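The C-terminal position of the sequence shown is numbered 929 in the numbering used here, with every residue numbered one higher than the one before it.
Comments concern the structure below.
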Amino acid sequence: MKEQELTATIERIKELEAQQEEINAELEGLKDTMKAYMVSQNAEKMLIGGYKVNYTKYVTNRFDTKAFKVDHEALYAQYTKATQARRFTIS
C-alpha cells in the first residue's frame with residue numbers, strides 16, 4: 839500500500855472510533871434511563887412492549903491478586919508467568 843492509502847485507512851479508523859464512542863455513550867445513557875426507571879418501580883424484571891428486561895443483583899467472587907501478592911509474595915512469584923502480546927495504537 840502507498841502512504842496515501844495508509845493515511846486514508848488510519849483516518850477512517852479514527853473516524854469510526856469516534857462514532858463508536860458516541861454510540862457507546864448514547865447506549866449507556868439509554869441503559870441508565872431504563873435502570874433508573876426499574877429502580878424507581880422497585881422492579882428487577884419487567885415485560886415492556888414484548889421485551890423481557892432484567893436488572894438483577896448478583897454476587898461474584900474475584901481473586902484479589904494485590905492482597906495475595908502482599909501476603910504471599912514468594913508463592914505469587916512462583917505462579918506468575920510472563921506472556922507476550924501485541925498492542926495496536928494510533929496517536
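Here a beta-carbon is modelled for each residue, glycine too, at the ideal position from N, C-alpha and C.
The model shown is predicted, which means the values in this text are computed figures rather than measured ones.
Query                                                                                                                                     : Result
Below 8 Å between beta carbons: does that hold for Ile848 and Ile928?                                                                     : yes
So what's Val891 in DSSP terms, helix, strand or just coil?                                                                               : strand
With Val891 and Met872 assumed to form a contact (beta carbons below 8 Å), what rounded beta-carbon distance in angstroms separates them? : 6 Å
Between the beta-carbon of Phe906 and the beta-carbon of Tyr893, is there less than 8 Å?                                                  : no
Going by DSSP, what residue range makes up the beta strand (DSSP E) through Met884?                                                       : 883-886
How big is the Cα-Cα spacing for Leu885 and Met876?                                                                                       : 11 Å
Rounding to the nearest angstrom, what Cα-Cα distance links Ala863 and Lys852 in this structure?                                          : 17 Å
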